[in-house]
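Each remark here refers to the structure printed beneath this line.
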Amino acid sequence: KYLGIIFDLDGVLCSTDEYHYEAWKAIAEEIDINNFTPKDNNRQRGVSRMESLEILLEKSERKFTDKEKLILADKKNQRYKELLNNINSFDLSDEVRVALNTLRKAGIKLAIGSSSKNAGLILERLGLGNFFDVVVDGNSITKSKPNPEVFLKAAQMIGLQPSQCLVVEDAISGIEAGTAGGFDTAGIGGVMSYPKTTYPLRDFSQIMNIVFAN
Ligand code: BG6
Ligand code: MG
5 KYLGIIFDLD GVLCSTDEYH YEAWKAIAEE IDINNFTPKD NNRQRGVSRM ESLEILLEKS
65 ERKFTDKEKL ILADKKNQRY KELLNNINSF DLSDEVRVAL NTLRKAGIKL AIGSSSKNAG
125 LILERLGLGN FFDVVVDGNS ITKSKPNPEV FLKAAQMIGL QPSQCLVVED AISGIEAGTA
185 GGFDTAGIGG VMSYPKTTYP LRDFSQIMNI VFAN
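Numbering of the sequence shown is given in full-length UniProt numbering, commencing with residue 5 and proceeding in unit increments.
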């Protein structure tokens, strides 16, 4: 049934989510928000950089102009990119590496569907720069998750219908996007028990069971 898999990147193939948190927390403190928590950061999963900033600014009493917002987002991205320098191919877990290679050998189309504008850089650092059949990221979409655009575009580019692809996600916005696009979803971490998640993934290697059993 599943001839293609569309993977989210942050929080699915690698744990950049911790770097996002650290970089946003530094920005929060600069503008006197001292109660920015991992729970707030969880709501930023899957949504674009500017939407993530809006979630952070909900905690401020001040109003920010569009120009100020762009400066804050840019600052966050600079800090985040410094942190991304820590990533190398050892950050790709054996579990993920084995699953990707096994699926590739079985002829399954493999794509990335990420909201991040840094996806290319991260894939490069993980040693996956040329691995995926298709990469659709924050640079090539106009609406970020929960809008299904990123996944629909990826499915179209690998030449498959949504019903033929599995979407792998760690974010509520991503499960919503997949569902809205007509995809079945596999949920990692916090979204394992989300009602709209088709398959909970306790560990990454279960993707192979799902794909080969269906
Ligand atoms: C998503 C992350 O993958 O990318 C979000 O889950 C992040 O938290 C978004 O805001 C945009 O990332 P970037 O790298 O373009 O700032
Ligand atoms: Mg994610």
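Positions of the beta carbon are idealized from the N, C-alpha and C atoms, including for glycine.
Residue i CB to nearest chain B CB: under 7 Å?
i, result
"VAL140", "This model lacks chain B altogether, as it is built from one protein chain only."
Is residue i a contact residue of the ligand BG6, with contact defined as CB to any heavy atom under 6 Å?
i, result
"GLY185", "no"
"SER144", "no"
"SER209", "no"
"SER167", "no"
"residue 230", "Residue 230 falls outside the range modelled here, since the chain spans only 5 to 218, and no answer is possible."
"LYS121", "yes"
"ARG66", "no"
"SER118", "yes"
"SER97", "no"
"ARG53", "yes"
"SER56", "yes"
From the DSSP secondary-structure annotation, give me the bridge partner or partners of residue i.
i, result
"LYS113", "GLY8"
"ILE76", "Checking the displayed sequence, the identity of residue 76 turns out to be Leu instead of Ile. DSSP lists no partner for LEU76."
"TYR203", "ALA190"
"VAL171", "ILE10, THR189"
"VAL139", "ILE116"
Work out the CA separation of residue j and residue i for me, nearest whole Å.
i, j, result
"LYS121", "ALA103", "25 Å"
"GLU99", "LYS149", "26 Å"
"VAL30", "ASN89", "The amino acid at residue 30 is misidentified as Val; the sequence shows Ala. If you take the alpha carbons of ALA30 and ASN89, they lie about 17 Å apart."
"LEU7", "VAL16", "20 Å"
"SER64", "GLN168", "44 Å"
"GLY185", "ASN143", "20 Å"
"ILE9", "ARG66", "43 Å"
"GLU22", "ASN92", "15 Å"
"PHE94", "GLY124", "17 Å"
"PHE40", "LEU107", "39 Å"
"ASP44", "MET212", "32 Å"
"LEU96", "LEU13", "11 Å"
"LEU87", "ASP78", "14 Å"
"PHE155", "GLY182", "7 Å"
"GLY50", "SER119", "6 Å"
"PHE68", "LYS109", "50 Å"
Could you check if residue i belongs to the surroundings of the ligand MG, using beta carbon to heavy atom distance under 6 Å?
i, result
"GLY182", "no"
"ASP174", "yes"
"GLU70", "Position check: residue 70 holds Asp in this sequence, whereas Glu was assumed. The answer is no for ASP70."
"GLY15", "yes"
"ARG49", "yes"
"ASP12", "yes"
Identify which residue in the options has its Cα closest to the Cα of residue i.
i, options, result
"LEU180", "CYS169, TYR198, ARG66", "Inspection of the sequence shows that residue 180 is occupied by Glu rather than by Leu. Selected option, being the one with the closest Cα: TYR198."
"ASP188", "GLN165, SER209, ASP207, GLY194", "GLN165"
"GLU128", "GLY186, LYS5, CYS18, ALA27", "CYS18"
"GLN160", "GLY117, ASN134, GLY178, ASP174", "GLY117"
"ILE192", "TYR203, LYS5, ILE10, GLY186", "TYR203"
"LEU76", "LEU114, ASN39, LEU96, GLU34", "GLU34"
"TYR38", "TRP28, VAL154, ASN213", "Rather than Tyr, the amino acid found at residue 38 in this sequence is Asn. That would be TRP28, whose Cα lies nearest to the Cα of ASN38."
"PHE11", "ILE176, ALA158, ILE145", "ALA158"
"PRO152", "LEU132, GLY163, ILE162, VAL171", "VAL171"
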